[in-house]
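Colleague:
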Amino acid sequence: MVEHERLKRFNDIAVPHMDAAYNLARWLTRNDHDAQDVVQEAYLRAFRFFDGYRGGDARAWILKIVRHTCFTWLARNRPVEIVAASEAEIDEERTLADGEAGGAASGNDPETLLLQRLDAELLTELIGKLPPLYREILVLREIEEMSYRDIAEILELPIGTVMSRLARARQRLQRAWRHSAAARHEQ
Amino acid sequence: MNCKQSTDLILPHLEGELDPAQAAELDAHLRGCPQCRASSDEQRQLGAALKTQALRFAAPAKLRLRIAAALEDEAAAESRPRMPTASAPPRRPAYWRPAAMAASLVLAIAASSGMTAYFTLPRQQDTVVQQVVSDHIRSLMAGHLTDVASSDQHTVKPWFHGKLDISPPVDDLKDQGFPLVGGRLDYLDERPVAALVYRHRQHPINVFVMPADAGDQGDGAPRGMESFSERGFNVLHWRQGGMSLWAVSDLNLAELRDFQKLFETGTAQSGS
């Protein structure tokens, strides 16, 4: 009886956010099957830790557990991506410091890439190629449209770091778009 | 303002987060720098596309069903084997049971249709089995098999009086090949329990006795004997005379079942 009521309370709070949970897991694992497994595991984990939920934004609480589960899954199944993520960040800092910046690369006609339409298919491909840490912050901010404060809570980061990481993710995405447009232009 | 400074301000500017002085400075730079202007345009397009394109994946219906089933199963497992005292009310009303069974059924279907089900995390039921085995191992390792060493049931049985709120069934099964060795107090599922020790050849058997789950007695559907295997030990669980009993040993399952049958009939006949 007690468990039944606990489950009911949990369902009321957690089930409305299953789309957000699945969306994040789907972007991080990049396939439906693994995303489903991760979300199920995250929900079971959340149910076990439900007593530790102290109110507050339920979506942020669930997504924090989902992202933990995702990164555990990534570490086990795609360790290369995790390494790539941290290296990419350092790499990014260096190239920015070198002055390449996000400006249009020299010799590239800015007009040409505007011809390539940014449809869902292309965006999905471009975001999918980003390191997981950039992918996740873009998903939370641009697709889930969460506030910096909620993202900071989920990622357990200061708001300033959230903003600078998001800026870097957007610059990365912009560069990927540009490369893809240039590649298409050359064909 | 140079291009590097400009780059880092473009996104905050688009999101309206720059103060007016910074914004004016950036605008001035963009007017004079076609590359940064292009970059700003790209970011604006990117932001618009991210907001307008359908990029959000919705949870599939079958995932919702699967999670609902797994949670029901989890909740049922949480409340099932806690073994409340005889006087405690049942933890679950009768209607809960079919629900849990339906949930396991859905989960089984989900598992058989090629989806991965998660059984890796410990459940309450497993926890009690683990405790039974741990108690058994501890009793052997610590050389603390018995508090009262006697093959006489009339010595062992009264020894528990005043120590526990139950009187465990005790019968010497020496003639059937399972001599009584003694008894002791142990601790299981957060309560003191009676531990009876038997031996078959060189294999010790621990029998843990505690009051039965009142809920299981009350709903008219006593569950049969359950067997488990854990860390190389066999564990049997059954109920008799309002008590819940666990037998654990490194004996093979067939011999442990033989012992269980002898114990159950022997203690029933001797009326203890």
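Chains as they are written, first to last, in this note's numbering: chain A, 1 to 187; chain B, 188 to 459. Backbone N, C-alpha and C define an ideal beta-carbon position, used for all residues, glycine too.
Here's the rule I'm using: 16 or more other beta-carbon atoms within 10 Å means buried, otherwise exposed. How should residue 75(A) be labelled?
Modeller: exposed
Colleague: Figure out for me which residue from 365(B), 323(B) and 387(B) has the closest Cα to the Cα of residue 419(B).
Modeller: 323(B)
Colleague: Could you tell me the alpha carbon to alpha carbon distance between residue 189(B) and residue 202(B), rounded to whole angstroms?
Modeller: 21 Å
Colleague: Considering only the alpha carbon of each residue, which of 210(B), 216(B) and 440(B) lies closest to residue 412(B)?
Modeller: 440(B)
Colleague: Short check: CB of residue 139(A) to CB of residue 27(A), under 9 Å?
Modeller: yes
Colleague: Quick check on residue 67(A) - is its C-beta less than 9 Å from some C-beta in chain B?
Modeller: no
Colleague: Could you check if residue 2(A) is buried or exposed, using at least 16 other CB atoms within 10 Å of its CB as the buried criterion?
Modeller: In this structure residue 2(A) is exposed. Its beta-carbon is surrounded by fewer than 16 other beta-carbon atoms within 10 angstroms.
Colleague: Are three or more beta carbon pairs between the region 145–157 of chain A and the region 208–222 of chain B nearer than 8 Å?
Modeller: Judged by Cβ distances under 8 Å, the region 145–157 of chain A makes no contact with the region 208–222 of chain B, as fewer than three pairs qualify.
Colleague: Spell out a yes or no on whether the region 40–60 of chain A and the region 4–13 of chain A are touching, meaning 3 or more CB-CB pairs, one atom from each, closer than 8 Å.
Modeller: Taking 8 Å as the limit for Cβ pairs, the verdict is that the region 4–13 of chain A does touch the region 40–60 of chain A.
Colleague: What does residue 211(B) pair with, by DSSP beta-bridge criteria?
Modeller: None; residue 211(B) has no bridge partner.
Colleague: So, for residue 421(B): in the same chain, excluding its five sequence neighbours on each side, which residues have a beta-carbon less than 8 Å away from its beta-carbon?
Modeller: Beyond the five residues adjoining it in sequence on each side, residue 421(B) comes within less than 8 Å, by CB distance, of 414, 415, 435, 436, 437, 438, 439, 440 and 443 in the same chain, given in chain order.
Colleague: Tell me where the alpha helix (DSSP H) around residue 262(B) begins and ends.
Modeller: Per DSSP, the unbroken alpha helix (DSSP H) holding residue 262(B) starts and ends at 248–266.
Colleague: Would residue 157(B) and residue 340(B) qualify as a contact pair, given that the criterion is a beta-carbon distance under 9 Å?
Modeller: Nothing can be reported for residue 157(B), as the shown portion of chain B is limited to 188 through 459.
Colleague: Under a CB-based cut-off of 9 Å, is residue 314(B) close to chain A?
Modeller: no
Colleague: Three-state secondary structure (DSSP) at residue 347(B)?
Modeller: coil
Colleague: Select from the region 223–249 of chain B all residues with a C-beta closer than 9 Å to any C-beta belonging to chain C, and list them in chain order.
Modeller: Absent from the structure: chain C. Protein chains present are A and B.
Colleague: Between the Cα of residue 37(A) and those of 246(B), 242(B), 218(B) and 235(B), spot the shortest distance and give me the residue it belongs to.
Modeller: 246(B)
Colleague: Is residue 347(B) near residue 338(B), with beta carbons less than 9 Å apart?
Modeller: no
Colleague: What are the start and end residues of the beta strand (DSSP E) that includes residue 53(A)?
Modeller: That residue, residue 53(A), is in no beta strand (DSSP E); it is neither H nor E in DSSP.
Colleague: Pull up the distance between the alpha-carbon of residue 371(B) and that of residue 333(B), whole angstroms please.
Modeller: 5 Å
Colleague: Going along chain B, which residues have a C-beta under 9 Å from residue 74(A)?
Modeller: Result: empty, since nearest Cβ-Cβ is about 16 Å, beyond 9 Å.
Colleague: Give the DSSP-derived three-state secondary structure of residue 58(A) in the structure shown.
Modeller: helix
Colleague: Comparing alpha-carbon positions, which option in 389(B), 390(B), 381(B) and 194(B) lies nearest residue 399(B)?
Modeller: 381(B)
Colleague: Work out the CA separation of residue 367(B) and residue 392(B) for me, nearest whole Å.
Modeller: 9 Å
Colleague: Please check if any C-beta of chain B sits within less than 9 Å of the C-beta of residue 62(A).
Modeller: no
Colleague: Quick check on the burial criterion: 16 or more other C-beta atoms within 10 angstroms. Buried or exposed for residue 69(A)?
Modeller: buried
Colleague: Based on the DSSP output, what are the partners of residue 395(B) in its beta bridges?
Modeller: 382(B) and 433(B)
Colleague: What separation, rounded to the nearest whole angstrom, lies between the Cα atoms of residue 175(A) and residue 320(B)?
Modeller: 59 Å
Colleague: I need the straight-line Cα distance from residue 25(A) to residue 229(B), nearest angstrom please.
Modeller: 28 Å
Colleague: Can you find a CB in chain A that lies within less than 9 Å of the CB of residue 218(B)?
Modeller: no
Colleague: Quick one: measure Cβ to Cβ for residue 31(A) and residue 243(B), integer angstroms, because I've assumed they're closer than 8 Å.
Modeller: About 16 Å separates the two Cβ atoms, so there is no contact after all.
Colleague: 9 Å is my cut-off, CB to CB: does residue 53(A) come that close to chain B?
Modeller: no
Colleague: Mind pulling the chain A residues with CB within less than 7 Å of residue 212(B)?
Modeller: The premise fails here: residue 212(B) is roughly 17 Å from chain A at the closest Cβ pair, so nothing lies under 7 Å.
Colleague: Using 10 angstroms around the beta-carbon of residue 424(B), count the other beta-carbons present and answer buried if the total reaches 16, otherwise exposed.
Modeller: buried
Colleague: With residue 182(A) and residue 137(A) assumed to form a contact (beta carbons below 8 Å), what rounded beta-carbon distance in angstroms separates them?
Modeller: In fact, because the Cβ distance is near 25 Å, the residues do not count as touching under 8 Å.
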